[in-house]
Structures are given as C-alpha cells and as structure tokens.
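Below you'll find the structure, written out as structure tokens, and then a few comments.
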Amino acid sequence: MTITIALPSKGRMKDDASAIFERAGMKIVAVGSDRSYRGRVEGWEDVEVAFLSASEISREVGSGAVDFGVTGEDLVRESLADVDARVEFSARLGFGHADVVVAVPEIWYDVDTMADLGDVAADFRARHGRRLAIATKYWRLTQQFFSGSHGIQLYRIVESLGATEGAPASGSADIIVDITSTGSTLKANHLKILSDGVILRSEACLVRARKATHEGNPVIDRIVAAVRAAL
Amino acid sequence: MPLINLPAFAGDLLADFERLKTLRVDTPVIQPAEPFLDMAGEDLRRRIFMTESETGESLCLRPEFTIPVCLRHIETATGTPQRYAYLGEVFRQRRDGSSEFYQAGIEDLGDPDTAGADARAIGDAMLVLAHRLPDARLKVTLGDQSVFEAVVAACGLPAGWQKRLIHAFGDQKQLQKLLGELADPKSPGVFGPEVERLAIMGILEDEERLVAHIAGTMEATGYSTNASRSPRDIARRLKEKLELATTRLDKAALSVMREFLAFDLALADAPAALHQFAGRSGLKIEDALSLFDARVAAIAKVGADPGVIRYRAAFGRPLDYYTSLVFEVEVEGTPAVLAGGGRFDRLLTLLGAREHIPAVGFSLWLDRIERAIALAGSAK
C-alpha cells in the first residue's frame, strides 16, 4: 500500500517542511518539473508526496484521502468536527507558530478577561439594539471557545476573510478572533488580547488520518519516528 | 395538501386547539435566519439548515414556531390579546431523532392577566397531552426566573453580580461556578496597566474625568467614529467591574442562595415554603411571591391537577427572552420532554413590536408523543 503525505505547495511552510523531512532522511523530490504538484521521497518507494494548499491539506487528511499532512493546527481544528477522533497530531514541527486569540479594542478598559466579555455581551443587545459582533474566519474555534469553554452564547459572528484586525475600527464588528504571531498588527490597530483569550497556540504539525489500514503498518511508524527524530 | 407523514392524531389535536378558542396560523417553512440567530445566539447556527437568497439574504428552514408566529403577529398588526395555534414541520439537527419533525403549540400574546394566562398555558398543554395519552401519569416541572431575580436582588449584591447570576440562571454548572467565586474570590479581577495608571492619576474615581479621558483617547486613535460602546458605557462598566472584584458574598447570604436553589417540592406546598423561607432569611421578595401565589391559585382554577406539578427553584432556560414562568411536561417515569413552554415578555419588543406585549406559550414534540402513545399501546 502506498502512503501519501500532503505538503504545502508553496512559501515558507513548504521550505520548512521539506527541510525537516530532509533531516529525517526523507529527501523530497518533485516528480517532473520543480513546479509539479506530485513528489516522491528518495529511497522510500512506498511513499508519495502531494503538494496542496494549506487549507486543502487539513480537509484531505480529515477525509482520509491522504495519510499524512503537514499544516497548521489552527486550520485542522477549524475545518474538522470531532477532530481528535479523525486525526492524530503525530508531531509538532516547531515552525509556523501563531496564536488564535480573542482581541478587543484597547479602549475597552473594563474588558480584560472572557468573564468581562461575557458581561458586556449579556446586555449588549439592551444597550445597543444588536448582539456583540465578532469578526473572524474561525467559526468553529470561536463557537467552541465562547459557548463551550466560557458559556457565552449571545454574540454574532461576522465572517471576515482578510484584514480582520480592521473590523472594529471600521465598525463592521466589535471584536475579533484572529491569528497573530507577534501581536504587532493587533497593537497597530489598537486592539488587545484578553488575558485568558488565547484559544489555541498553533504551529505546523505532522497530522495523520486515523485509518484502520494504518494498524500494524510499519511504514506509518517509521515515518512518524523519522520525523520526530529530526526535530 | 394533506401530508402523509403527519402524526395520526394531528386532526384530533387541531380540533382540541379549536375548542380552546385559538386561531390556527401557518408560517412559511423558509424563514429569514437573522431573527433566530439573534434571539438564540450563534450556537443555533450549527443546528439549523441555512441557505441564501439570490440577493444574499440568509434564510433557514423553520427551526421552531414561536419566532415566526410572533413576527407574523407584528407584521399583520393584529390586535391583542390573541391566541394562536400552530402545527407543522420544523427542521433542526438533534442529538437523537430525525432532524425534521412536527411541532404544535399555542402562543398566547397580549393577555394582561399574567397569572391567568400562565395557568391556561400549563392547563392547555396538560389537557391536550392527556387526550393523546389518557392512561399516562403526566409530570410537570415548573420554574420561575422572576422569583430567582427577586432573591438575588434582595441579597443586596451589586448590579454587576446580579446580572451575572441572572444571566446564568438555568445553567446549573455556570451558576454553581459563579456562587463559588462569590464565596471565595480567588482573583481580584484582571485590570490592564492602563487602568492602574488611571487609578494612580486619580481619574478612576471621577466618572466625568474618566469619560472625557476615554473620549479623548478614542479621538486620538481614530477609533471613535465607529465605536459601538460609548465612553460612558465603558466608564460605567469599569466601575461595575471594580465592584465585582471587591464583592464577597458572606456565608449567610450564600447559604440563603443555596437553600433557595435547592427547593424542589410539590407546587401546592411551594407558596407556603417560599413565604417561610423569605421570612426566615429576611428577604423582601413579596412582590415576586404574590405573582407566584396568584399563578398557583389560577392553576387550581383552570382545573389542572396541581398534584402532578413540582416547583424546582433552579429550573430555567438560558435564553434571555424568557422572563418568568418556564415549564416542561413528561410522562412519569420516562425521560422524554413532551411539551415545553414559558413566558417570554421580552421577545416581541426584541423582534420589533412597538408596544410591550406580554406573551406565554408552549410547544409539543409530536414525534415523542407518537412514541409515548406506541409505548403505552404495547404495554397494554
């Protein structure tokens, strides 16, 4: 049986992932030209590589169409329901660090915790005639964190696919849930992270689809062991 | 168009509704999604079936009837009081059971006699269930958020804490967590460095200076043009938060609150028990109790068997438009809720009604009733 590993098709993520696999003794070479979307691993006949976009990788691992994928934990947890039953985070790769955080306007001096935010959300409607609006592309993570972990129900999500930090200033939302690595973009937009508002500390991971056919397959264990040893 | 998947008893149920002098209404299956998400919160999104119109309006398959019936009432500018009945399919993903199922019920809008209307809602729900399940012993659980609100207010807690507790009512876990925090405040609240700076500068004690400072900062950062919360909103909440942080519920008040939340007794015994409790703990909650007493008396008057109704003080629904009465009806010894209802005096204004319209209603889970009928039949 051939094992398929999905890797990012471009950018820093692609280079960093390739470097780790090379250190693991799994040098990845493109099949055909450099820009090909298929690859193989030198000396590993039963392994093939698919170069995909980061969001496709989480979907393909989730459905089991590929066996392994390298992508951000945030994307995997956002795109899959019941994530821990469907995939295994086999190794954290130490690059692509970013936190998914809840950030509110700096000027909200009275809001520093999720409990504060819950208070504000609870009577937002009575005061402002509408629910507290959150701009984000992380629907699932936001719902899990707000309702699941903090019992906050009364808010509305406003989908935002880019420049989310600008939403509170432009008036399209009150607060945001977004990804940040240094926090400087948030600061530049006069936003602050709540003290207990880190939803997820994400980084690039080697993710395995939980498939019955993996049971007792020595190649699976060898890949995981090789990558872990290279970290 | 007669639907072949209608429960067999649908016709008899509608005849009951007619005898109860209600107006049968139908609402479109495809509804605007906004009002449901606005009232129930973002969590509902995962459970309803959404789509979009050609012009980008969010639509959904009707997940329940109360909101559409109320919206229809507002749109058609029908006078009150008005009692509506409905029976139709609703669409909602559930943990158990199919995600398309029938619900029926009554919404009673605008009756100023709250106790009477409450009692009638409970009585009607019990009556139509008894007609479907003549041999079953029904069990009714009744709760009342307004009594809880009165107890919280009488305990003398600051407004911020009252809001938190009332908001958590019906959510046992959250409520117990808050009471724990009140008894034993672990953290004095988290305040940012900016707030500490303001405290040192003495701006924090002076609301006017604080408002001016916030307004000035908003101006300087270019945030003010679209600010959703005004400088005064922020200043007031900051003051509330300072109180939240320094409040500690003394042991006596905490045990009063816990004693109240533990009440679970026959409805007939509840008025006397609540008055004794209020007297014993020195709480001034007469107003809320007199409404409660009037409802208990009205329930006896509509002929509902008070012997099968229990009052549970902690029983509530964590939706912010329910204001006082909530109730559920089950068959004794089975876990399925066959009917659920309550008073939602805030909902019509939230949905855009210009005047205040008190409202109470209930809905029946027809698929569960069908199952209960089948179970009763096979037991014979």
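Protein chains in written order, with my numbering: chain Z, 84 to 314; chain D, -5 to 374. Note that CB positions come from ideal geometry on N, CA and C, so glycine has one too. Remember, predicted model here, so these are calculated numbers, not experimental data.
- Taking 7 angstroms as the cut-off, the beta carbon of S243/Z is found no closer than this to the beta carbon of D37/D.
- Closest in alpha carbon position to A181/Z, among D199/Z, E156/Z and D165/Z, is E156/Z.
- At a cut-off of 7 angstroms between beta-carbon atoms, T240/D makes no contact with chain Z.
- Contact note: T215/D reaches chain Z through E189, I190 and H273, using a C-beta cutoff of 8 angstroms and chain order.
- Around the beta-carbon of V170/Z, 16 or more other beta-carbon atoms lie within 10 Å, marking it buried.
- Cβ contact annotation for E234/D (same chain, cutoff 8 angstroms, sequence separation greater than five): P152, A153 and G154, in chain order.
- Distance check between T74/D and each of F59/D, V296/D, P128/D and T16/D places T16/D closest, using alpha-carbon atoms only.
- The region 274 to 282 of chain Z makes contact with the region 172 to 186 of chain Z; the number of CB pairs closer than 8 angstroms reaches 3 or more.
- Taking every protein chain shown into account, the CB of E125/Z has fewer than 16 other CB atoms within 10 angstroms, so this residue is exposed.
- The beta-carbon of Q236/Z is placed less than 7 angstroms from the nearest beta-carbon of chain D.
- When CB distances to chain D are screened at a threshold of 9 angstroms, not a single residue of the region 103 to 117 of chain Z falls below it.
- Near chain D, meaning a CB-to-CB distance below 7 angstroms, the residues of the region 252 to 273 of chain Z are A252, S253, G254, D257 and H273.
- For A218/Z, none of the residues of chain D pass the 7 angstroms Cβ criterion, the least Cβ distance being about 12 angstroms.
- Annotation: Q139/D has no Cβ neighbours in chain Z at a cutoff of 7 angstroms; minimum Cβ distance is about 14 angstroms.
- Within the region 95 to 136 of chain D, the complete alpha helix (DSSP H) segments at least 4 residues long are 108 to 126, listed from N- to C-terminus.
- At least one CB of chain D lies nearer than 7 angstroms to the CB of T196/Z.
- DSSP, reduced to helix, strand and coil, places Q87/D outside both helices and strands of the structure shown, so it counts as coil.
- For the region 162 to 192 of chain Z, residues whose beta-carbon sits nearer than 7 angstroms to a beta-carbon of chain D comprise P188, I190, W191 and Y192.
- For S232/Z, the nearest beta carbon of chain D is not closer than 7 angstroms to its own beta carbon.
- Along the length of the region 185 to 250 of chain Z, whole beta strand (DSSP E) runs at least 3 residues long occupy 215 to 219 and 238 to 242, reported in chain order.
- Counting of Cβ neighbours within 10 angstroms places D112/D among the buried residues, the total reaching 16 or more.
- Spanning the alpha carbons of V260/Z and L158/Z requires a straight line of approximately 14 angstroms.
- For M44/D, DSSP records a beta bridge to C54/D.
- Not a single C-beta of chain D is nearer than 7 angstroms to the C-beta of R160/Z.
- At a Cβ-Cβ threshold of 7 angstroms, F151/Z and A287/Z do not count as neighbours.
- In this model, F356/D and I100/D are separated by some 6 angstroms (Cα to Cα).
- Where A330/D is concerned, there is no enclosing alpha helix (DSSP H), because DSSP gives it neither an H nor an E.
- Under the three-state reduction of DSSP, L176/D is assigned to helix.
- Looking at the backbone, the Cα of P312/D and that of V296/D are separated by about 28 angstroms.
- Rounded to whole angstroms, the gap between the alpha carbons of V145/D and G266/Z is 45 angstroms.
- Sequence-distant Cβ neighbours of Y315/D in its own chain, meaning closer than 7 angstroms and more than five residues away, are M33, F338, R340, L341 and L344.
- C-alpha of L90/Z to C-alpha of V184/D: approximately 42 angstroms in a straight line.
- Here the C-alpha atom of A256/D lies approximately 43 angstroms from the C-alpha atom of A71/D.
- Looking at R175/Z, R213/Z and S285/Z, the one whose alpha-carbon comes closest to that of L224/Z is S285/Z.
- With a cutoff of 7 angstroms on beta-carbon distance, P301/Z and P251/Z are scored as not near each other.
- Under the three-pair Cβ rule at 8 angstroms, the region 155 to 172 of chain D does not count as touching the region 329 to 337 of chain D.
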